[in-house]
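Numbering (our numbering), first residue to last: 147 to 391.
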């Protein structure tokens, strides 16, 4: 009968298992670090892309602000002229001017901020990507001023509409209709008569002109402030994120 002898293998030392565990741990840990670094780089790249598009939004805003400020400056001059004529009671003989200033009183140029990037950041929950605290705070402060200006523009719209009944009493709508074209408002070709020369009605209109002058002043002031914020923010973000033109 054959006798089978089982080979005895030497037991591994505890140090062997320790090194196996250590190598496995290091492999997993290094994989984790590599994944973390990759994710960190991806988020950093996304942050920089968001900042770059936000800078482009700010550039669009400054161009729009410049356009609206020019309109607001011109509107102030026209409201001053209209108020002067009404206050002196010299409407007769100056109907041409009154029609022009009266029709332009209710026109507007609205500032609309380019909120493309801010909207994306909010809707996607990506505001956390903006890790530079000063940058994030500056962006939010800018947006808050934009929202304030939007409320001021709504106040201006309400005040313009409130003046409509008094404009209707003073001016002939058929004359107004001939003055409007695709480009803007033309002066009448002659000196068309007003519907009313009543000083009391003229004074009522003057009150709404006064209100609109106040709204116009607020919008001019805050738009100039927003423009300065945009310019400074562009410079700051370019420097912080090393973005070149």
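Where is the CB? At the ideal position from N, CA and C, for every residue including glycine. Just so it is clear, the structure is predicted and the values come from calculations on it, not from any experiment.
Inset, instruction - Give the DSSP-derived three-state secondary structure of residue 388 in the structure shown. - result: If DSSP states are grouped into helix, strand and coil, residue 388 belongs with coil.
Inset, instruction - Could you check the C-alpha separation between residue 309 and residue 249 for me, to the nearest Å? - result: Going by the C-alpha atoms only, they are around 11 Å apart.
Inset, instruction - Would you kindly check if the distance between the Cβ of residue 228 and the Cβ of residue 291 is under 8 Å? - result: Taking C-beta atoms as the reference points, residue 291 and residue 228 fail to come closer than 8 Å.
Inset, instruction - Output the distance between the C-alpha atoms of residue 238 and residue 369, rounded to the nearest integer angstrom. - result: Cα to Cα, the separation comes out at about 37 Å.
Inset, instruction - Give every residue of the same chain whose Cβ lies closer than 8 Å to the Cβ of residue 312, excluding the five residues on either side of it in the sequence, and list them in chain order. - result: The residues are 347, 350, 351, 354.
Inset, instruction - Indicate whether the contact test is met: 3 or more Cβ pairs, each with one atom in the segment 318-332 and one in the segment 197-205, closer than 8 Å. - result: Counting Cβ pairs under 8 Å, fewer than three are found: no touch.
Inset, instruction - Determine the burial state of residue 269: buried for a count of at least 16 other Cβ atoms within 10 Å of its Cβ, exposed for fewer. - result: In summary, residue 269 is exposed, with fewer than 16 beta-carbon neighbours lying within 10 Å of its beta-carbon over all protein chains present.
Inset, instruction - Indicate whether the contact test is met: 3 or more Cβ pairs, each with one atom in the segment 256-267 and one in the segment 284-301, closer than 8 Å. - result: In this structure the segment 256-267 touches the segment 284-301; the number of beta carbon pairs closer than 8 Å is three or more.
Legend entry - Sequence-distant residues of its chain with Cβ nearer than 8 Å to residue 222 (five each side left out): Spatial neighbours of residue 222 in its own chain (CB-CB distance under 8 Å, excluding positions within 5 residues in sequence) are listed in chain order as 359, 362, 363, 366.
Legend entry - Expected contact under 8 Å - CB spacing of residue 320 and residue 197 to nearest Å: Contact doesn't hold; Cβ gap of about 54 Å is too wide.
Legend entry - Exposure label - residue 263; buried when at least 16 CB within 10 Å: So residue 263 counts as buried.
Inset, instruction - Please look up how many angstroms separate the CB atoms of residue 375 and residue 245, rounded, as I've assumed it's under 8 Å. - result: The beta-carbon separation of residue 375 and residue 245, rounded to 39 Å, does not stay under the 8 Å limit for a contact.
Legend entry - DSSP bridge partner residues for residue 292 (one or two, in chain order): According to DSSP, which records beta bridges pairwise, residue 292 is partnered with nothing at all.
Legend entry - Check whether residue 254 and residue 306 have beta carbons under 8 Å apart: In this structure, residue 254 places its C-beta atom within 8 Å of the C-beta atom of residue 306.
Inset, instruction - Following the continuous alpha helix (DSSP H) through residue 269, name the residue where it begins and the one where it ends. - result: Boundaries of the alpha helix (DSSP H) around residue 269: 262-269.
Inset, instruction - Could you work out which residue in 379, 276, 230, 297 is closest to residue 195 when comparing CA atoms only? - result: Here the closest residue by C-alpha is 276.
Inset, instruction - Along the alpha helix (DSSP H) that carries residue 315, what are the first and last residues, could you check? - result: Segment 310-316, the alpha helix (DSSP H) holding residue 315.
Inset, instruction - Compute the Euclidean distance between the alpha carbons of residue 236 and residue 377, then round it to the nearest angstrom. - result: When rounded, the separation of the alpha-carbon atoms in residue 236 and residue 377 is 46 Å.
Legend entry - Neighbourhood of residue 200 by C-beta distance below 8 Å, restricted to the same chain and skipping five residues each side: Cβ neighbours of residue 200 beyond the five flanking positions: 263, 264, 285, 383.
Legend entry - C-beta atoms of residue 345 and residue 318 nearer than 8 Å: No; because the gap between Cβ atoms is not below 8 Å, this pair is not in contact.
Inset, instruction - Can you have a look at residue 218 and say buried or exposed, based on whether 16 or more other CB atoms are within 10 angstroms of its CB? - result: Classification for residue 218: buried.
Inset, instruction - Mind listing, in chain order, the continuous alpha helix (DSSP H) runs of no fewer than 4 residues lying wholly within the segment 201-233? - result: Secondary structure in the segment 201-233: no alpha helix (DSSP H) run of 4 residues or longer lies completely within the stretch.
Inset, instruction - Please report the residue range of the alpha helix (DSSP H) in which residue 248 lies. - result: Residue range 241-251 is occupied by the alpha helix (DSSP H) that includes residue 248.
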